[in-house]
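Chains as they are written, first to last, in my numbering: chain A, 2 to 245; chain B, 27 to 356.
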């Protein structure tokens, strides 16, 4: 009874929490959008420019892959975030707040997503690419009509994983003034020993991640036509072959 | 008609040069099916990749109806590729596309109007016997149906040449038969030039008009099916009309004989047995109809002390090829 009462009256929960949740969603939403926008083409480039790819570019691939992607990925996000504060100020005009945090969230997550995209594209069998080449496809047509559609279930799964990672990173961004649930938990839960806020924040984060994962899984299933078993009941199933 | 002239492909492997194709030449007339057989490593895959220009040959040329295929510019290369339709061992359909969308794929990439695509796809699916399967995804189709979609897709760009890379190697015998019948039927109906690359002799026997044997990047035997089959002792002949290993009893001479066409309709063997009054023992045999001609390949043993020479002369006189495989032992 006491706990419920506390939930209803604690201003940290009634006032600060909805605002923090909004900030978290803003950070995840905005940086998720930009990660998709930058990371997908980057991942496609990593795949197509690799040796033996559609358009091998040894040096450029090496530079992008080893230098940019791997170096960015090897810096812990907490440190990258601090290092990128000047850049965030240059882009958004401020160094604090959810929008400023989006800059470092995007930059920190793009290489991760790009690698996942590259891996998903590698799963497309070379036979399909050969078939498209023999038809006379251009490279762009192969990317648009073969690679991306055929890897779509994997790409959706990769993006889901990336968004979940963003939720985690966004909580970290709270520590440097990004706002959001992370900052709420830190300010109230840690610095003011307000256990209720801590618990509520954790529950919300868990639910948020679950929702993202479920949505992602459902979407991946929907776009996956690879096995008949997964095609589900909604789709029209044909009679077993009699002609062939 | 497709003409391949002195096609060579040399790969570099470190400091070593690997000759995958060592001067392959062949010519297939319109409306006929040519088979290329060879063991793995003979250069079949390289040949396929060079014919479709997925790999550029080191030297030599490929031409279709007299027009050179090899092109230096990307755009020309893509146009050239569209003159060859290709079907693959595993169909290589796009899993994210329905049967109809898979067939539409080659038309989409040249920006064919939507209405034209729709009617062409319907026509092609009907041609391969898949009416009513327009909206099925490849995963909902059987192996044979998938290969039919692959054939329809290969024909979408109205190619002159159909290249089949192990088209039935992943299918069961019954489905294999149906797919081969379809290929044969389409060749006649659309007057295609068909090249079938396979390791299955069954495919050659069923549909090919002519055949080449590829070995270590060279064509070591080639010719019309009828001619190569009739060549007793030839490599293709002995795989087309195989004899099981059989033990020889007794000491009499063992002969292999091969008869075909007219001589096949005559009871050559019993005739010879009667003429010479000897009992002929058939040890092994292979009797088949190839390219519409009856062939018989037999291993026979003569009784001890028989007059081998005059029997052989008699058989040869009747148009039967004779070869002594084991002399009489005493």
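Here a beta-carbon is modelled for each residue, glycine too, at the ideal position from N, C-alpha and C. All values derive from a computational prediction rather than experimental measurement.
Within-7 Å CB hit, residue i to chain A
| i | result |
| --- | --- |
| residue 37 of chain B | no |
| residue 163 of chain B | yes |
| residue 121 of chain B | yes |
| residue 80 of chain B | yes |
| residue 118 of chain B | yes |
| residue 135 of chain B | yes |
| residue 132 of chain B | yes |
| residue 26 of chain B | Missing from the structure shown is residue 26 of chain B; chain B here goes from 27 to 356 and no further. |
| residue 99 of chain B | no |
| residue 144 of chain B | no |
| residue 140 of chain B | no |
| residue 232 of chain B | no |
| residue 172 of chain B | no |
| residue 34 of chain B | no |
| residue 104 of chain B | yes |
| residue 128 of chain B | no |
Beta-carbon proximity list for residue i, same chain, < 6 Å, skipping 5 on both sides
| i | result |
| --- | --- |
| residue 217 of chain B | 56 and 57 |
| residue 125 of chain A | 148, 151 and 152 |
| residue 195 of chain B | 115 |
| residue 315 of chain B | none |
Outcome for residue i when other beta-carbon atoms lying within 10 angstroms are tallied against a minimum of 16
| i | result |
| --- | --- |
| residue 231 of chain B | buried |
| residue 20 of chain A | exposed |
| residue 187 of chain B | buried |
| residue 74 of chain B | buried |
| residue 212 of chain A | exposed |
| residue 128 of chain B | buried |
| residue 435 of chain B | As displayed, chain B neither begins before 27 nor continues past 356, which places residue 435 of chain B out of reach and without an answer. |
| residue 161 of chain B | exposed |
| residue 248 of chain B | buried |
| residue 353 of chain B | exposed |
| residue 196 of chain A | exposed |
| residue 9 of chain A | exposed |
| residue 123 of chain B | buried |
| residue 137 of chain B | exposed |
| residue 270 of chain B | exposed |
| residue 141 of chain A | exposed |
| residue 56 of chain A | exposed |
| residue 159 of chain B | buried |
| residue 126 of chain B | buried |
Short CB-CB distance (under 7 Å) between residue i and chain B
| i | result |
| --- | --- |
| residue 242 of chain A | At residue 242 of chain A, the pLDDT of 41 sits below 50, so the modelled position is not reliable; the number obtained from the coordinates is stated separately. It does; some Cβ of chain B falls within 7 Å. |
| residue 169 of chain A | no |
| residue 135 of chain A | yes |
| residue 228 of chain A | yes |
| residue 132 of chain A | yes |
| residue 119 of chain A | no |
| residue 53 of chain A | no |
| residue 138 of chain A | yes |
| residue 57 of chain A | no |
| residue 217 of chain A | no |
| residue 77 of chain A | no |
| residue 247 of chain A | Residue numbering for chain A in the displayed model covers 2 to 245; residue 247 of chain A lies beyond these limits and cannot be assessed. |
| residue 128 of chain A | yes |
Cβ-based neighbour list, residue i, same chain, cut-off 8 Å, excluding 5 preceding and 5 following
| i | result |
| --- | --- |
| residue 197 of chain B | 169, 170, 173 and 205 |
| residue 346 of chain B | 283, 284, 285, 289 and 294 |
| residue 272 of chain B | 309, 310 and 325 |
| residue 209 of chain B | 59, 177, 188, 190, 193, 220, 222 and 233 |
| residue 246 of chain B | 239, 240 and 261 |
Contacts around residue i, its chain only, beta-carbon distance under 7 Å, and the 5 residues preceding and following it disregarded
| i | result |
| --- | --- |
| residue 43 of chain A | 111 and 115 |
| residue 33 of chain A | 164 and 167 |
| residue 348 of chain B | 281, 283, 338, 341 and 342 |
| residue 312 of chain B | 267, 268, 269 and 323 |
Interface flag, residue i vs chain D, CB-CB below 7 Å
| i | result |
| --- | --- |
| residue 112 of chain B | The structure shown contains no chain D; the protein chains it does contain are A and B. |
Distance cut-off 6 Å: residue i Cβ against heavy atoms of the ligand PLP
| i | result |
| --- | --- |
| residue 283 of chain B | The ligand PLP is absent from the structure shown, which contains no ligands of any kind. |
Could you tell me which whole beta strand (DSSP E) segments of length 3 or greater appear in the segment 103-166 of chain B? You should have 110-113.
Extract the residue ranges of the beta strand (DSSP E) inside the segment 89-125 of chain A, only unbroken runs of 3 or more that lie entirely within it. Within the segment 89-125 of chain A, no complete beta strand (DSSP E) run reaches 3 residues.
Counting pairs of beta carbons, one from the segment 219-236 of chain B and one from the segment 248-264 of chain B, are three or more of them closer than 8 Å? In short, these stretches touch, since the Cβ pair count reaches three.
Would you call the segment 88-103 of chain A and the segment 61-72 of chain A touching, i.e. three or more CB-CB distances under 8 Å? No: fewer than three Cβ pairs fall under 8 Å.
If you pair each beta-carbon of the segment 195-210 of chain A with each one of the segment 29-44 of chain B, do three or more pairs fall below 8 Å? Flag = no, the segment 195-210 of chain A and the segment 29-44 of chain B do not touch.
Residue ranges of each alpha helix (DSSP H) run of no fewer than 4 residues wholly in the segment 162-234 of chain A, ordered along the chain? Segments of the alpha helix (DSSP H) lying fully in the segment 162-234 of chain A: 181-185 and 196-224.
Please confirm if the segment 126-146 of chain A is in contact with the segment 178-193 of chain A, defined as three or more CB-CB distances below 8 Å between the two stretches. Counting Cβ pairs under 8 Å, fewer than three are found: no touch.
Within the segment 288-324 of chain B, ranges of the alpha helix (DSSP H) (whole runs, at least 4 residues): Correct list: 288-291 and 294-302.
Using a Cβ distance threshold of 8 Å, determine whether the segment 326-336 of chain B contacts the segment 296-306 of chain B, with at least three qualifying pairs required. With the rule of 3 Cβ pairs closer than 8 Å, the segment 326-336 of chain B counts as touching the segment 296-306 of chain B.
Would you call the segment 78-91 of chain B in contact with the segment 138-156 of chain B, where contact means no fewer than 3 C-beta pairs closer than 8 Å? Judged by Cβ distances under 8 Å, the segment 78-91 of chain B makes no contact with the segment 138-156 of chain B, as fewer than three pairs qualify.
Does the structure place the segment 151-158 of chain B close enough to the segment 99-119 of chain B that three or more beta carbon pairs sit under 8 Å? The segment 99-119 of chain B and the segment 151-158 of chain B do not touch, with fewer than 3 CB-CB distances between them shorter than 8 Å.
Where are the beta strand (DSSP E) runs, 3 residues long or more, that stay fully inside the segment 43-81 of chain B, in chain order? Under the rule that a run must span 3 or more residues, the beta strand (DSSP E) segments found entirely inside the segment 43-81 of chain B read 59-63.
For the segment 198-280 of chain B, list the alpha helix (DSSP H) runs that are entirely contained and at least 4 residues long, ordered along the chain. Counting only runs that start and end inside the segment 198-280 of chain B, the alpha helix (DSSP H) elements of at least 4 residues fall at 199-216, 227-233, 251-256 and 261-266.
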